[in-house]
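As structure tokens, the structure follows; a few thoughts come after it.
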Amino acid sequence: MECKGWHLCSPHLSVDILKDSTTIILRSVQQEVFGAELELIAANQCIPKSSLLWSLDPFIDCKGVLRVGGRLQEANLGSAEKRPVILPGRHHVTTLIVRHYHAESQHQGRHFTEGAIRSAGFWILGGKRCVSKLIFECVTCKRLRGKCEVQKMADLPADRLSTEPPFSNIGLDVFGPWSVSARRTRGGHAESKRWAILFTCLSVRAIHIEVIESLDTSSFINGLRRFLAIRGPVKHIRSDRGTNFIGASKVLGIPSNIDETSVQGFLSDHDCTWTFNSPHSSHMGGVWERMIGVTRRILDSMFLQMGTSKLTHEVLVTFMAEVAAIVNNRPLIPVSYDPMDPFILTPATLLTQKVEPCPAPVRDLEDKDLSRQQWRRVQSLSDTFWDRWRKQYLSTLQPRKKWTSEHRSLKPGDVVLLRDNAVKRNVWPMGIITEVFPSKDGLVRKVQIKVPKVDGIKLFLRPACDVVLLIASQV
Numbered sequence: 123m124e125c126k127g128w129h130l131c132s133p134h135l136s137v138d139i140l141k142d143s144t145t146i147i148l149r150s151v152q153q154e155v156f157g158a159e160l161e162l163i164a165a166n167q168c169i170p171k172s173s174l175l176w177s178l179d180p181f182i183d184c185k186g187v188l189r190v191g192g193r194l195q196e197a198n199l200g201s202a203e204k205r206p207v208i209l210p211g212r213h214h215v216t217t218l219i220v221r222h223y224h225a226e227s228q229h230q231g232r233h234f235t236e237g238a239i240r241s242a243g244f245w246i247l248g249g250k251r252c253v254s255k256l257i258f259e260c261v262t263c264k265r266l267r268g269k270c271e272v273q274k275m276a277d278l279p280a281d282r283l284s285t286e287p288p289f290s291n292i293g294l295d296v297f298g299p300w301s302v303s304a305r306r307t308r309g310g311h312a313e314s315k316r317w318a319i320l321f322t323c324l325s326v327r328a329i330h331i332e333v334i335e336s337l338d339t340s341s342f343i344n345g346l347r348r349f350l351a352i353r354g355p356v357k358h359i360r361s362d363r364g365t366n367f368i369g370a371s372k373v374l375g376i377p378s379n380i381d382e383t384s385v386q387g388f389l390s391d392h393d394c395t396w397t398f399n400s401p402h403s404s405h406m407g408g409v410w411e412r413m414i415g416v417t418r419r420i421l422d423s424m425f426l427q428m429g430t431s432k433l434t435h436e437v438l439v440t441f442m443a444e445v446a447a448i449v450n451n452r453p454l455i456p457v458s459y460d461p462m463d464p465f466i467l468t469p470a471t472l473l474t475q476k477v478e479p480c481p482a483p484v485r486d487l488e489d490k491d492l493s494r495q496q497w498r499r500v501q502s503l504s505d506t507f508w509d510r511w512r513k514q515y516l517s518t519l520q521p522r523k524k525w526t527s528e529h530r531s532l533k534p535g536d537v538v539l540l541r542d543n544a545v546k547r548n549v550w551p552m553g554i555i556t557e558v559f560p561s562k563d564g565l566v567r568k569v570q571i572k573v574p575k576v577d578g579i580k581l582f583l584r585p586a587c588d589v590v591l592l593i594a595s596q597v
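Heads up, our numbering is the position in the sequence shown plus 122, with the first residue counted as 1.
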């Protein structure tokens, strides 16, 4: 049956028809791009040195297809490899050919694809650039090996740079558990689990630890109440999106940004706000995550010295108090060996107002003199701490250790791959970005993604570092 007009041919075509179609397409592409060179070669004239074909010694075969001349006529190779067809690098037909052999090589790298193309009998001018460009834009390759998005590191929030009293702005997280011996029974010891809440001062970097008996909201609120009773009121809380945290914020009536809206009110009796980081973004809570890592290492050393003895609730609480003391006595800046500068800047300096044991009085003093000297000592230590905190510690927060350059911000309509560490990469879900949340600097670090599921469409809030861009929006 003869083909007429634009239509979709039957897939069952003979080999001769496919070969003739290939020849017609190749001749058409070459005539479109190399028309001048074909006329010179047909007239047995030399092509100019400025032509891209000059070094290939091209010739026209019996079917009118332009091929590479070269010096491999006597090689033990197939005729297609010895005399490959010349194709331009920037043509849609060439792109289709590269895409076909890239898929045949199971989306491997440039060398695999180039080898498959050359073995098939094609010589692409600028082939490396053409193949690399297609692999860079290949959606399947991005799904298999594409890197997650990165963005320039954001500026520090104001509560990290505040000189307010300690624990006015805090970050918190829960870690654990540990098995403790609750009581003796006839069969041995009845064990239960304990967790700990770590409160971190965002400016001074001091910590406070409270032990809790469960991960439910009630137990967490009791731990938070104990912290507030000891350290005083808190203005701002930051944490991840743990279910116990979100439940506690609702129970306490603390306004939060769960829906990513700006906080407008304050809790009347606590004067406190609660900011939740976006899900799966532990790097946004590096202030307290780092302290949890240090705390765990100190606890490991304590448990090793403890040996095989049973861990009780009382011992665990004591260990946590000692760990907090050790962490709070760490230097915030490198220790100076200058004898004229013996003061070490530590969080405990501000919390305890002690840098050394107080000497015994050299003479009898009245009560009013004692109170006056104590006030002056406390004020002097506080002034010294904050002065060095501004001059020496704040400067260490200035540089960006990584993520130093700006990248393209994600936009609504981008097709992305959503990272899920619980499953293999081949089954990571794909979705479309429906909304972006720019930071103060205008760069996007949080996005909302629409993902189709079996039970309907789901919306996910994720950081930019948790998505792989597959197809960029053209808007």
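Where a beta carbon is used, it is the ideal one built from N, C-alpha and C, also for glycine. Only a predicted model underlies this, so the values are computations on that prediction, with no experimental measurement involved.
Note that the C-beta distance between residue 555 and residue 534 is below 8 angstroms. Selection 205, 197 and 398 evaluated against residue 189 yields 205 as nearest (Cα-Cα). Annotation for residue 584: no alpha helix (DSSP H) segment contains it, though the beta strand (DSSP E) segment containing it runs 578-585. In this structure, 589 is the residue among 515, 519, 589 and 527 with its C-alpha nearest to the C-alpha of residue 543. In this structure, the straight-line span from the alpha carbon of residue 513 to that of residue 506 is close to 11 angstroms. When Cβ pairs closer than 8 angstroms are counted between the two stretches, the region 148-167 is seen to touch the region 206-226, the count reaching three or more.
For residue 143, no beta strand (DSSP E) run applies; the uninterrupted alpha helix (DSSP H) run containing it begins and ends at 137-155, by DSSP.
Fully enclosed beta strand (DSSP E) runs of no fewer than 3 residues occupy 207-209 and 244-246 of the region 199-285, in order along the chain.
Excluding its 5 nearest sequence neighbours in each direction, residue 286 has C-beta neighbours in its own chain below 8 angstroms: 325 and 357, listed in chain order. Residue 568 is not a Cβ neighbour of residue 551, given a cutoff of 8 angstroms. Following the DSSP letters along the chain, one finds residue 590 inside the beta strand (DSSP E) bounded by residues 589-593. In the three-state scheme derived from DSSP, where H, G and I count as helix and E and B as strand, residue 295 is classed as strand. Nearest C-alpha to residue 171 among 323, 159 and 182: 159. The beta carbons of residue 531 and residue 566 sit closer together than 8 angstroms.
Taking the Cα positions, residue 504 is about 13 angstroms away from residue 466. Counting along the chain, residue 557 sits inside the beta strand (DSSP E) bounded by residues 552-560. Ranking 147, 174, 457 and 181 by CA distance to the CA of residue 163 puts 181 first.
Contact annotation: the region 315-325 touches the region 293-305, with at least three C-beta pairs closer than 8 angstroms. In the DSSP assignment, residue 418 falls within the alpha helix (DSSP H) that extends over 408-428. Shown here for residue 597: same chain residues with a beta carbon closer than 6 angstroms to its own, the five before and five after excluded, namely 535 in chain order. For residue 474, the uninterrupted alpha helix (DSSP H) run begins and ends at 469-474, by DSSP. Within the model, the alpha-carbon separation for residue 455 versus residue 352 is close to 27 angstroms. The three-state reading of DSSP puts residue 326 in coil, since its state is none of H, G, I, E or B. Taking residue 363 as reference, the option from 453, 339, 256 and 345 with the minimal CA-CA separation is 339. Taking a cut-off of 8 angstroms on C-beta distances, the region 404-418 does not touch the region 433-440, as fewer than three cross pairs fall below it. Less than 8 angstroms divides the Cβ of residue 332 from the Cβ of residue 348.
Counted as a single uninterrupted DSSP element, the stretch harbouring residue 402 is not any beta strand (DSSP E), since DSSP gives it neither H nor E. Residue 453 is positioned such that its CB atom lies no closer than 8 angstroms to that of residue 474. Ranking 529, 558 and 576 by CA distance to the CA of residue 275 puts 529 first. The beta carbon of residue 191 sits closer than 7 angstroms to the beta carbons of 178, 179, 180 and 181 from its chain, once the five residues preceding and following it are set aside; these are given in chain order. Comparing alpha-carbon positions, the option among 265, 425 and 407 lying closest to residue 302 turns out to be 425. Here residue 176 has 169 as same chain residues with Cβ atoms under 6 angstroms from its own Cβ, once five neighbours each way along the sequence are excluded. For residue 134, DSSP assigns no beta-bridge partner whatsoever. Note on residue 267: under 16 other CB atoms within 10 angstroms of its CB, so exposed under the neighbour-count rule. The closest CA to that of residue 398, considering only 359, 422, 411 and 342, is found on 359.
The Cβ atoms of residue 243 and residue 202 sit closer than 8 angstroms to each other.
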